[in-house]
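Trainee: Chains as they are written, first to last, in the working numbering: chain A, 1 to 386; chain B, 1 to 386. Ideal placement from N, C-alpha and C gives every residue a C-beta, glycine not left out.
In structure tokens:
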């Protein structure tokens with residue numbers, strides 16, 4: 001039950017104490033030392049708002065094509081309406097992916113608008129995966145609302161997810177007709193989004209298979225998280241540029257930025273899943289340990305091999321009381337993970353991935369302002385406490 | 001619970017007494033008078049066998065890319081292995097769609113092989129829909145075997161279906177790299193398959209919504225069946241030609257052939273669902289009536305408005321004993337449907353759709369032999385008793 005890059009709650013500016021700081025540090029830590037100055041909160045707000053305002057109308061039009069009741073189920077899922085179809089104030093999440101898609105068009109020297117079909121497509125693919133994953137995982141809440149399968153039944157969750165997947169391709173291919181892209185570039189965009197979607201599905205398959213195992217290697221965990229979170233962020237960060245005709249080397253570099261950004265995001269998410277303060281995350285203490293999630297801190301701690309690592313492995317392998325651990329038992333496990341270095345390793349991994357993401361960005365020639373905005377979005381995604 | 005163009009069982013040659021014949025007729029009826037001579041059974045066997053032998057290796061290679069256990073689940077679904085992964089003799093169905101895809105490449109003057117990625121893609125989309133529909137509909141048997149969700153669980157049925165949908169696009173887009181098609185034509189093929197898939201999903205949504213209603217108009221029923229069965233047969237009959245570079249008008253005409261062929265198939269399927277002999281279909285007597293399926297004969301009978309029609313409407317609207325009708329009660333309903341003209345209308349509709357399909361074929365210039373083979377496949381699909 002990885003978070004599929006759905007930030008746990010809204011964080012408006014990316015500032016504040018970072019969970020990737022080690023406990024000894026007294027000031028709010030930057031996730032990465034060579035970051036481009038301080039995060040420009042206004043920049044990030046502008047990029048997210050632009051992604052939302054340009055892509056949402058196209059998204060609503062696309063979803064409006066679906067046969068009833070799939071159109072209404074979609075509107076509920078995106079937070080536009082309540083279960084009875086009445087309009088609500090919800091905005092359907094932070095729209096990081098559309099923001100990246102529009103920015104990537106600008107990285108290729110085109111207007112942001114060229115990226116709109118790409119932003120809509122990645123948002124559709126993301127939400128297709130949420131609809132299906134929530135059902136597979138039995139999750140009853142998403143964005144503080146009842147999930148679609150609990151409100152409209154499993155069949156609608158399956159069907160509307162399928163429809164969103166198909167719509168994603170439909171919208172991208174229409175980019176050639178009315179979005180300003182060439183047919184060849186629209187086809188390249190579909191190919192990259194398709195491969196990302198396949199990885200996303202592979203990642204969910206791996207995540208599900210991990211549930212039946214006591215331990216998972218760090219490499220396996222990184223592969224799963226790269227598939228489940230990295231691949232679609234990679235496609236988000238390149239799709240606008242592909243629609244604008246960037247060459248394959250440029251698109252590959254932008255994908256690497258998004259991919260490693262996804263891994264950095266996920267490392268932070270894994271830290272928050274154990275040590276995120278309940279009052280901030282809105283989730284139970286040690287939530288990921290309660291769910292026996294094979295996250296990076298656990299895998300890293302198990303790989304370390306010292307006494308705390310061995311003791312942790314014994315506790316996790318013990319069938320006794322499995323699934324009924326109390327708060328105190330979970331706290332013991334969290335302490336063992338920390339003692340075996342799992343927390344520190346994961347925090348360092350988040351910094352490493354963040355650095356790698358920014359380095360990939362350096363391979364693509366683009367205006368300095370656009371590069372700064374990519375960096376600001378990266379910091380917003382990585383430096384957070386919830 | 002429409003059959004999504006999955007013929008009820010194997011029929012090897014398309015001969016024998018046709019269900020579209022009226023009871024008075026003494027000889028095996030042809031579905032359509034102006035058919036091109038008798039069905040050439042050898043032709044049909046050759047086309048089906050060619051579709052299977054050329055497309056199955058590519059299909060197996062594509063499915064082999066999926067992360068475990070999705071590769072094994074797919075192999076089970078296609079009938080290549082049993083639930084433990086041991087090879088079986090199964091062949092995964094009759095492969096009408098691949099046969100059409102290869103033939104359509106030849107209609108555009110290209111070798112049949114150009115259509116292979118198209119044949120594989122439509123087979124993947126078809127099986128994606130079967131995996132999800134079986135789960136949504138709660139169907140426990142498919143092709144005389146336990147369905148995937150009953151063997152591997154609902155999550156695998158969802159996930160493997162998703163993966164097949166993504167693979168379909170992947171394989172089509174690879175046609176540009178290694179299948180001999182241009183990038184533009186591969187993109188056109190993806191666009192048509194995507195639209196067909198969206199219609200297929202719309203059709204399933206409509207079918208599900210019909211379950212909550214007492215009656216459905218003939219128009220609604222035809223629209224649902226056109227979406228659920230016609231759209232993908234339409235794409236199958238055009239995708240090879242699109243990959244081979246046929247113009248849009250030619251592709252549209254081939255799609256119309258496939259679409260109306262699908263409607264003809266479905267009309268026959270609806271007749272078999274009520275009057276197909278159990279010993280031949282392997283399904284219970286009056287199966288569709290037992291499931292309260294809103295099929296064409298029922299809709300047509302309800303629209304007729306005479307005394308039998310009115311009586312039928314009363315019985316269907318009566319909540320008493322719903323879902324527990326015995327054989328005798330179902331026989332009464334079948335007789336009322338026949339008395340109200342539902343059976344005769346549906347048989348005539350099958351003939352009409354078959355004629356319309358062949359007429360569409362006449363709009364596309366192609367070698368006489370290819371046209372005959374299209375006609376032979378159409379007759380094979382429509383003239384059947386199971």
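Assuming residue 225 (chain A) contacts residue 271 (chain A) (C-beta within less than 8 Å), just tell me the rounded distance between them.
Mentor: That pair is no contact at about 13 Å.
Trainee: What is the DSSP secondary structure of residue 108 (chain B), counted as helix, strand or coil?
Mentor: coil
Trainee: Would a check of beta-carbon distances place residue 217 (chain B) closer than 8 Å to chain A?
Mentor: no
Trainee: Taking 8 Å as the CB-CB cut-off, is residue 147 (chain A) touching chain B?
Mentor: no
Trainee: Measure the C-alpha to C-alpha separation of residue 327 (chain A) and residue 105 (chain A) and round it to an integer number of angstroms.
Mentor: Taking C-alpha positions only, residue 327 (chain A) is separated from residue 105 (chain A) by approximately 48 Å.
Trainee: Taking 8 Å as the limit between beta carbons, can you name the residues of its chain near residue 245 (chain B), skipping five residues before and five after?
Mentor: 108, 110, 181, 182 and 185
Trainee: Can you find a CB in chain B that lies within less than 8 Å of the CB of residue 132 (chain A)?
Mentor: yes
Trainee: Compute the beta-carbon to beta-carbon distance between residue 228 (chain A) and residue 204 (chain A), rounded to the nearest angstrom, for a pair I have assumed lies under 8 Å.
Mentor: 6 Å
Trainee: When you compare each of A:294, A:190 and A:293 to residue 168 (chain B) by their alpha carbons, which one comes out closest?
Mentor: A:190
Trainee: Can you list, in chain order, the stretches of the alpha helix (DSSP H) that have 4 or more residues and sit fully within the region 242–309 of chain A?
Mentor: 248–275, 278–281, 287–290 and 296–304
Trainee: Determine, using beta carbons only, whether residue 312 (chain A) and residue 187 (chain B) come nearer to each other than 8 Å.
Mentor: Not a contact, by the Cβ cut-off of 8 Å.
Trainee: Are residue 201 (chain A) and residue 235 (chain A) touching if we call contact CB-CB under 8 Å?
Mentor: Not in contact: residue 201 (chain A) and residue 235 (chain A) (Cβ atoms no closer than 8 Å).
Trainee: Any Cβ of chain A within less than 8 Å of the Cβ of residue 197 (chain B)?
Mentor: Taking 8 Å as the CB threshold, residue 197 (chain B) lines the interface with chain A.
Trainee: DSSP on residue 237 (chain B), reduced to helix/strand/coil?
Mentor: helix
Trainee: For residue 160 (chain B) and residue 306 (chain B), what's the separation of their Cα atoms in angstroms?
Mentor: 48 Å
Trainee: Buried or exposed, going by whether 16 or more other CB atoms sit within 10 Å of the CB of residue 53 (chain A)?
Mentor: exposed
Trainee: For chain A, is any of its Cβ atoms less than 8 Å away from the one on residue 181 (chain B)?
Mentor: Answer no: the Cβ-Cβ gap between residue 181 (chain B) and chain A never drops below 8 Å.
Trainee: So, under 8 Å CB-CB, residue 58 (chain A) and residue 74 (chain A) are touching, yes? Tell me the CB distance rounded to an integer number of Å.
Mentor: With a beta-carbon spacing of about 14 Å, residue 58 (chain A) and residue 74 (chain A) fall beyond the 8 Å limit used to define contacts.
Trainee: In terms of alpha-carbon separation, which member of A:340, A:221 and A:359 lies closest to residue 293 (chain A)?
Mentor: Cα-wise, what sits closest to residue 293 (chain A) is A:221.
Trainee: Less than 7 Å between C-beta atoms, sequence neighbours within five positions excluded: which residues of the same chain meet that for residue 387 (chain A)?
Mentor: No information on residue 387 (chain A) is available, as it lies outside the stretch 1 to 386 that chain A covers here.
Trainee: Just to make sure I have the definition right: I need the residues of chain B whose C-beta is within less than 8 Å of the C-beta of residue 69 (chain A). Which are they?
Mentor: 205 and 209
Trainee: Please list the terminal residues of the continuous alpha helix (DSSP H) segment that includes residue 72 (chain A).
Mentor: 70–77
Trainee: Does DSSP classify residue 87 (chain A) as helix, strand or coil?
Mentor: strand
Trainee: Could you please give me the residues that DSSP links to residue 142 (chain B) through a beta bridge?
Mentor: B:145
Trainee: Using the DSSP secondary-structure output, state which residues sit across from residue 81 (chain B) in a beta bridge.
Mentor: B:87
Trainee: Please name the residue in B:286, B:316 and B:318 whose C-alpha comes closest to that of residue 331 (chain B).
Mentor: B:286
Trainee: Which residues, in chain order, does the region 138–165 of chain A contribute to contact with chain B at a C-beta distance below 7 Å?
Mentor: 155, 158, 159, 162, 163 and 165
Trainee: So, helix, strand or coil for residue 66 (chain B), using DSSP?
Mentor: Looking at residue 66 (chain B) - three-state DSSP - the assignment turns out to be coil, as it is neither helix nor strand.
Trainee: Quick check: the Cα distance between residue 303 (chain B) and residue 61 (chain A), rounded to an integer number of angstroms?
Mentor: 35 Å
Trainee: Does the beta carbon of residue 373 (chain B) sit closer than 8 Å to a beta carbon anywhere in chain A?
Mentor: no
Trainee: Look up residue 326 (chain B) in the DSSP assignment and say whether it is helix, strand or coil.
Mentor: coil
Trainee: Using a Cβ-Cβ cut-off of 7 Å (strictly less than) and excluding sequence neighbours within five positions of residue 339 (chain B), which residues of its own chain qualify?
Mentor: 308
Trainee: From residue 31 (chain A) to residue 381 (chain A), what does the alpha carbon distance come to, in whole angstroms?
Mentor: Only weak support is given to the placement of residue 31 (chain A): the predicted model assigns it a pLDDT of 37, under 50, and the question is left unresolved by the model.
Trainee: Which same chain residues, not among the five before or five after residue 152 (chain A), have their C-beta less than 6 Å away from its C-beta?
Mentor: 73
Trainee: Under the rule that 16 or more other beta-carbon atoms within 10 Å means buried, what is residue 247 (chain A), buried or exposed?
Mentor: exposed
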